[in-house]
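The structure appears below as C-alpha cells.
2 protein chains.
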Amino acid sequence: MTGSASEPRSRINLRWIAEQVGVHPSTVSRALDASKRHLVADDVAERIIAAADKLGYRPDPVAASLRTRRSTLVGVLVPDITNPVFSPIISGIAEVLGEEGYSTIVADAGAGRDQRLRLVDELAARRVDGLILATVGRNDEVLQHCLAAGLKVVLVNRADDAGRTASVVSDDMAGMALAVNHLAALGHRKIGHIAGPSSLSTGHLRRQGFEKVMAAHQLAVPTGAIVEANAYERDEGERAAAALLAAYPGITAIAAANDLLALGAYRALAARGLTCPGDVSVVGHNDMPLVDMVEPPLTTVRIGPREMGREAAKLLLARMSDPAGAIRRVMLEPTLVIRRSTAQPRAK
Amino acid sequence: MTGSASEPRSRINLRWIAEQVGVHPSTVSRALDASKRHLVADDVAERIIAAADKLGYRPDPVAASLRTRRSTLVGVLVPDITNPVFSPIISGIAEVLGEEGYSTIVADAGAGRDQRLRLVDELAARRVDGLILATVGRNDEVLQHCLAAGLKVVLVNRADDAGRTASVVSDDMAGMALAVNHLAALGHRKIGHIAGPSSLSTGHLRRQGFEKVMAAHQLAVPTGAIVEANAYERDEGERAAAALLAAYPGITAIAAANDLLALGAYRALAARGLTCPGDVSVVGHNDMPLVDMVEPPLTTVRIGPREMGREAAKLLLARMSDPAGAIRRVMLEPTLVIRRSTAQPRAK
DNA sequence: CTGAAAGCGCTTACAG
DNA sequence: CTGAAAGCGCTTACAG
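Taken in sequence, the protein lines are chains H and Y. Residues 1 to 348 in the numbering used here are what the first sequence spells out, letter by letter. Residues 349 to 696 in the numbering used here are what the second sequence spells out, letter by letter.
Below, the structure is given as C-alpha cells:
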C-alpha cells in the first residue's frame, strides 16, 4: 500500500505552492493575504493565486492561530440551549460571524458559577477572538473574569449595571410599557406583574418599566401586585401567578416578564377554573416560537432575537477590529404582538 | 508602562515550568499527560504537577493541535438551529463531549448543498476530530464528501440507506406503529398520514411504518390517504392536511410524521371549522418543547432527543478512540405520550 | 518587491 | 527514566 486515495501523501501547504511557483513561502503567504497582497508584484501574485486555486490550497487556521494568537473562533455562552429564546439569537450570531470567516463555538453554560468560569477559561485557551455572553447577571462575576483576562466580550439580551462592555438588548422598559399600555387601553385597572429574577437586567428593567407605566396611568400597584419568579421557567410562572391571584383580589390582567412565565400563568388560571382572557388577560414577553399556537394564542412583546444576535455579532466584529473604540450599547425597539390572550375586562 | 496587569509578560508554557523544576520540557510534557506519566519517575512527575498547578499552567490546545493534527474539537451540523427539535440533541451532544474535554462547534447548515460542503471543508480545515450530522438525507452528497475526506462522522436522528457510517436514530417505524395502534384502539378506521420528505430516513421509515401497521390492522390506505410534505414545516403540514381532508372523505384521524406537521394540520382543521379531536384526531411525532401547551395538547411520539444526542456523542467518542471498530447503529425506543388531540371517533 | 530566519508551544521518535 | 532535536504550517520583523 502506498497510502489511501483519501489521504494524500502530504497536505498541500504554503511551502508546496512556493516550490511550484518558484518563490519563497513568505511571498506566497503575502500574495494570499488580501491585506498584504500589495507587497507582491502583480504578476507574481497572480501566478501564486492561480497555483493555489489549481492545487486546492486551504490555509491551515491552526498554524496561523499559533503564530498570530488569533483564531477566527468566537465563543457564545448561553444558560440553556434548550430554551427556545436563544436559538434565534445564536442563529443570528453565527450568520453574520460566518460571513466574516469566523466559526462559532456554542457552550451550554449550565448551572454553577464554577462551571461557567471553567468554560470561559477553556474558550480562552482555544484563543477565541471574542466572546458573546447571553448568561450574564447585572453584576456578574463571570463577566468580571472575562474582562480581567483581557477577552473581548459583548452581552446579548443582557446588560450589566456598570456598562463595562458592549451589549445589545431590547428596550426592556419600553417593551413593558407596550404591554401595560395595551392592557390599560383595554380598560384594565388591576394589573399584576410576574417579574423576572431581579439579578438579571431583563427582570430588573421590565419590572421598573411596569412600575413606571402603571404610575403614568395613575394605576395602583398595591402590595402583592408584583411577584418575582426565581427563574424564567414555566413552573416559576405558575407559582408566581398563583401568588398573584391569592394576594390581589379582583386582578384582571397579568403582565409577565417572559413568555415561559406567562405560560405558567395559563396553568395557574386553569387550575383555578379561571379562563383567559375571560377572567384574566395575560401578556408575555419575547414572542418565543410556538406561542402563537398555544391556547389562547399569546399576546406578547416581540424582541427580535435574531436581529439581536446579528447586532451582537456586529458589535463584536467592530470591537475586534478596533479594540480601543468606544463601548457601544445597542438598544432594539420591541413591538407588541396582539393575539387572543388579552381582552377587555369582564363587565362587572 | 511595563505591561498591563491582565497580560503577564509571557503566557506560562511548558518551557517555563521546565525551567522552574529544572527538567527538560519534554519531561514536563510527559508528566502532564496522564497516558504518558508512567514514563516519568514518580517524584519528578509530582514536582512537575505541583509546579504546573502553582503556576496555573494551561496547555495550549492550538499548539498541541498543530503538532498532533487533532483538535479536541467536534463539529455539529444542523439544518436549522431554530427548529426546537435540535436544541436538546445539541445539548446532549455537548454535554457528553464536554465531559471528555471536547468543545463543540455548532454550524447552521442552511439551505444549499454548496454551503454545506463549504461548512464541512471549513470544519475539516479546523481539524475537527469528528463530525455529527443531523442534516443528512438517505443518500447524501455531503455525507459522501465527509467520508471521502476521511472524516469520522456519526449521524443523528437520520440514517443513510447504505449504512456507511454510525448513526443513532429513534425506531421510526416502531414510533409510527405506536401512533397507529393508539388510533386503531380508539376505534379509528379511516386514518390518513402526513408523510415527511421521502428523501429523509425519518420521512421514509415513518411512512413505511404507517403502511405496515395499517396493513396489520387490515385497515385500508386508499389513494389520497397519504400526502407527503416537502419539508418539516408548519405550512407544509397545513397544506398536506388540507389535501388529505379533500381527498379522503370520512377521514377521522391523521398521523403526522412530525409535530410541526401536526400543528399545521391543526390550522387546516380550524380553517374548515373542524374540531380536534371531535371531528379529527391528530398524532404528532417528536414531542417537541411546548406541544403540551397547544390546544388541544398534542398526543405525540416521544423520541428522546437529548438521549439521542448523548448516544451520538458516545458513538463518535468510540469511533475516535477505535477508528477500525465496527460501525454501530443505535436505535432508541420511542414512547407514546397521550394528551388530548386524540379521542374516539364521533359516533355516526 | 523578495528572501532567509525565527518562532508560536507543543509532541514524539530517537538516543542514551 | 530523561534529554536533545526536529517539526507541525504559518506569519512577520529584518535585510537587502
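Ideal placement from N, C-alpha and C gives every residue a C-beta, glycine not left out.
(1) Counting Cβ pairs, one atom from each stretch, are 3 or more of them under 8 Å apart for the region 262-275 of chain H and the region 331-339 of chain H?
(2) Closer than 7 Å by beta-carbon distance: list the chain H residues that pair up with Glu659/Y, in chain order.
(3) Quick check on Ser6/H - is its C-beta less than 7 Å from some C-beta in chain Y?
(4) DSSP three-state call for Ile338/H: helix, strand or coil?
(5) Taking the alpha-carbon positions, what's the Val649/Y to Asp519/Y distance?
(6) Can you check whether the C-beta of Val106/H is within less than 7 Å of a C-beta belonging to chain Y?
(7) Name, in chain order, the residues that DSSP records as bridge partners for Met331/H.
(8) From Ala134/H to Leu77/H, what distance separates their C-alpha atoms?
(9) If you reduce the DSSP assignment to three classes, tell me which class Leu290/H lands in.
(10) Since Ser71/H and Val128/H are thought to touch, with beta carbons under 8 Å apart, how far apart are those beta carbons, to the nearest angstrom?
(11) Could you name the residues of the same chain whose beta carbon sits closer than 8 Å to that of Lys560/Y, not counting the 5 residues immediately before and after it, in chain order?
(12) Please classify Ile89/H: is it buried, with 16 or more other beta-carbons within 10 angstroms of its beta-carbon, or exposed?
(13) Taking the alpha helix (DSSP H) that Arg302/H falls in, what are its first and last residues?
(14) Just the chain H side, please: which residues come within less than 9 Å of Pro409/Y by C-beta, in chain order?
(15) Who are the near neighbours of Leu609/Y in its chain, counting only those whose CB is closer than 6 Å to its CB and skipping five residues on each side?
(16) Which runs of the beta strand (DSSP E), 3 residues or longer, sit entirely within the region 419-468 of chain Y?
(17) Unbroken beta strand (DSSP E) runs of length 3 or more, entirely within the region 231-279 of chain H: which are they?
(18) Compute the distance between the beta-carbons of Ala109/H and Arg116/H, then report whether it is under 7 Å.
(19) Val153/H and Thr165/H - do their beta-carbons sit closer together than 7 Å?
(20) If I measure Cβ to Cβ from Ala240/H and keep anything under 6 Å in the same chain, skipping five residues before and after, which residues do I get?
(21) Which one of Asp381/Y, Leu421/Y and Val369/Y has the shortest CA to CA distance from Ala398/Y?
(22) Cβ closer than 7 Å: which chain Y residues qualify as neighbours of Glu295/H?
(23) Rounded to whole angstroms, what is the Cα-Cα separation between Arg15/H and Met320/H?
(24) Do we get a CB-CB distance below 7 Å when we pair Met349/Y with the residues of chain H?
(25) Here's the rule I'm using: 16 or more other beta-carbon atoms within 10 Å means buried, otherwise exposed. How should Arg346/H be labelled?
(26) My output table needs one value for Leu479/Y: the three-state DSSP class, helix, strand or coil.
(27) Any beta-carbon of chain H closer than 7 Å to the one on Leu414/Y?
(28) Taking the alpha carbon of Arg69/H as the reference point, which residue from Ser377/Y, Pro432/Y and Arg359/Y has its own alpha carbon closest?
(29) Considering only residues of the same chain and omitting the five flanking positions on each side of Arg688/Y, which have a CB-CB separation below 6 Å?
(30) Classify Arg378/Y as helix, strand or coil using the three-state DSSP reduction.
(31) Do you know offhand how far Asn258/H's Cα is from Ala184/H's?
(32) If the cut is a Cβ gap below 8 Å, which residues of chain H does Ala442/Y touch?
(33) Any idea if Thr571/Y is buried or exposed, counting beta-carbon neighbours within 10 angstroms, 16 or more meaning buried?
(34) Which residues in the same chain have their Cβ closer than 8 Å to the Cβ of Glu655/Y, if we skip the five residues on either side of it in sequence?
(35) Pro84/H versus chain Y: which residues are under 8 Å apart at the beta carbon?
(36) Starting from Gly48/H, follow the alpha helix (DSSP H) in both directions and report where the run begins and ends.
The answer reads as follows:
(1) no
(2) Simply none; closest approach about 17 Å.
(3) Any answer about Ser6/H is weak, because its pLDDT of 36 lies below 50 and its placement is not dependable; what the coordinates show is given next. Against chain Y, the CB of Ser6/H has a partner CB under 7 Å away; the residue lies at that interface.
(4) Coil, per DSSP.
(5) 11 Å
(6) Among the CB atoms of chain Y, one or more fall inside 7 Å of the CB of Val106/H.
(7) Val169/H
(8) 6 Å
(9) coil
(10) 6 Å
(11) Met521 and Ala525
(12) buried
(13) Careful: Arg302/H lies outside any alpha helix (DSSP H), inside the beta strand (DSSP E) at Thr300 to Arg302.
(14) Think of a sphere of 9 Å around the beta carbon of Pro409/Y: the chain H residues whose beta carbon falls inside it are Glu122, Ala125, Arg126 and Arg127, in chain order.
(15) Ile542, Ala577 and Gly585
(16) 421-426 and 451-456
(17) 253-256
(18) yes
(19) In this structure, Thr165/H sits near Val153/H, with a CB-CB distance shorter than 7 Å.
(20) Ile194, Val227 and Ala229
(21) When only C-alpha atoms are compared, the closest one is Val369/Y.
(22) Val642 and Glu643
(23) Between the alpha carbons of Arg15/H and Met320/H lies a gap of roughly 30 Å.
(24) Reliability of the predicted coordinates at Met349/Y is poor, the pLDDT of 32 falling under 50, and the value obtained from them is presented with this limitation in mind. With 7 Å as the cut-off, Met349/Y does not count as an interface residue toward chain H.
(25) exposed
(26) strand
(27) yes
(28) Arg359/Y
(29) Pro644 and Pro645
(30) helix
(31) 19 Å
(32) What Ala442/Y touches in chain H: Ile81, Val106, Ala107 and Asp108.
(33) Exposed: under 16 other Cβ atoms inside 10 Å.
(34) Gly440 and Leu680
(35) Pro432, Ser435, Pro637 and Leu638
(36) In the sequence on display, residue 48/H carries Ile and not Gly. Asp42 to Leu55 is the span of the alpha helix (DSSP H), which, as asked, contains Ile48/H.
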